[in-house]
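**Q**
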Amino acid sequence: MRDRTNGEERRSGAATEPETTQEAEAPEAAQAASSHRTRAEERIAALDASPARLAEELQELKERLSAAEQEAGEARQQWQRSAADFANYKRRTEQERQATLGLANEMLLLKLLAVVDDFDRALAAMPKELEHLGWIEGVWLVERKLRALLESEGVTPIEAAGKPFNPREHEAVVSEETTTAPEDTVLGELQRGYRIRDRVLRPALVTVAKNPGQAAASGGNE
56 MRDRTNGEER RSGAATEPET TQEAEAPEAA QAASSHRTRA EERIAALDAS
106 PARLAEELQE LKERLSAAEQ EAGEARQQWQ RSAADFANYK RRTEQERQAT
156 LGLANEMLLL KLLAVVDDFD RALAAMPKEL EHLGWIEGVW LVERKLRALL
206 ESEGVTPIEA AGKPFNPREH EAVVSEETTT APEDTVLGEL QRGYRIRDRV
256 LRPALVTVAK NPGQAAASGG NE
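Numbered by the working numbering, the letters in the sequence shown go through residues 56 to 277 in order.
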């Protein structure tokens, strides 16, 4: 009798155990279903909001791109200005350097011309009876070498004697009355002038003719 009762109890317990497990699992399943539903609703909401958000993000990207392009343009303009300033600086520096070198070269040439002047005066005052001496030939040789050096630097003498007075090339230091030469004719040189290439390096110091008769005739014609 007891055995049968125990068997029935065991069967009854075995039958109620799955029911208890199912009852315990039911809330978890409901919670999981609710969670899935919530995530699905969030995804749907996200999908519904995507076009508007994309439009906002696109507008933001456009604004950032426009700002970046503006900054790049300003940087490019600044670079171009800096490059132009640097190019101007280099050109100005080179011009100043060339001007300095040219001035230094001219100063040296003027000093050489002073030496040539001394040679010219010494040779002009040389007595004829000494011209055959060997050391005189040496003096002439040095003078010719100096002139060759000047010519290699583009320095050439200015022709003055017998030419009309030219204030750009001649400097009148003496005027001399004469009736044998036209008014303002260069009668002679006191110091030879020189030009370097196409401009005057040193004007010639000259004597200029003053012809009273010609000057009076010119005044009467006026």
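Backbone N, C-alpha and C fix where the C-beta goes; we use that ideal spot for every residue, glycine too. A quick note: this is a predicted structure, and the numbers were derived from the prediction, not measured.
Going by the CB atoms, is the gap between LEU167 and ALA196 shorter than 8 Å?
**A** This sequence places Leu at residue 196; Ala is not what is there. Between LEU196 and LEU167, the gap from beta carbon to beta carbon reaches 8 Å or more.
**Q** Could you work out which residue in GLY128, ARG257, THR235 is closest to LEU245 when comparing CA atoms only?
**A** ARG257
**Q** Can we count GLU224 as close to the ligand FAD, meaning its CB is less than 7 Å from some heavy atom?
**A** The ligand content of the structure shown is nil, which means the ligand FAD is not present either.
**Q** Using a Cβ-Cβ cut-off of 8 Å (strictly less than) and excluding sequence neighbours within five positions of GLU208, which residues of its own chain qualify?
**A** Sequence-distant partners of GLU208 (beyond 5 residues in either direction) whose C-beta falls short of 8 Å from its own C-beta, in its chain, are ASN160, LEU164, ILE251.
**Q** Counting Cβ pairs closer than 8 Å, one from the stretch 206-226 and one from the stretch 171-191, do we hit at least three?
**A** Segments in contact, no.
**Q** Report yes or no: do the stretch 224-231 and the stretch 258-267 share at least 3 C-beta pairs separated by less than 8 Å?
**A** yes
**Q** Report buried or exposed for LEU156, applying the criterion of at least 16 other Cβ atoms within 10 angstroms of its Cβ.
**A** Exposed: under 16 other Cβ atoms inside 10 Å.
**Q** State the start and end residues of the unbroken alpha helix (DSSP H) segment that holds ARG202.
**A** 189-207
**Q** Would you check if the distance between the CB atom of PRO219 and the CB atom of TYR249 is smaller than 8 Å?
**A** no
**Q** For the beta strand (DSSP E) holding PRO212, just list the boundary residues, first then last.
**A** 210-212
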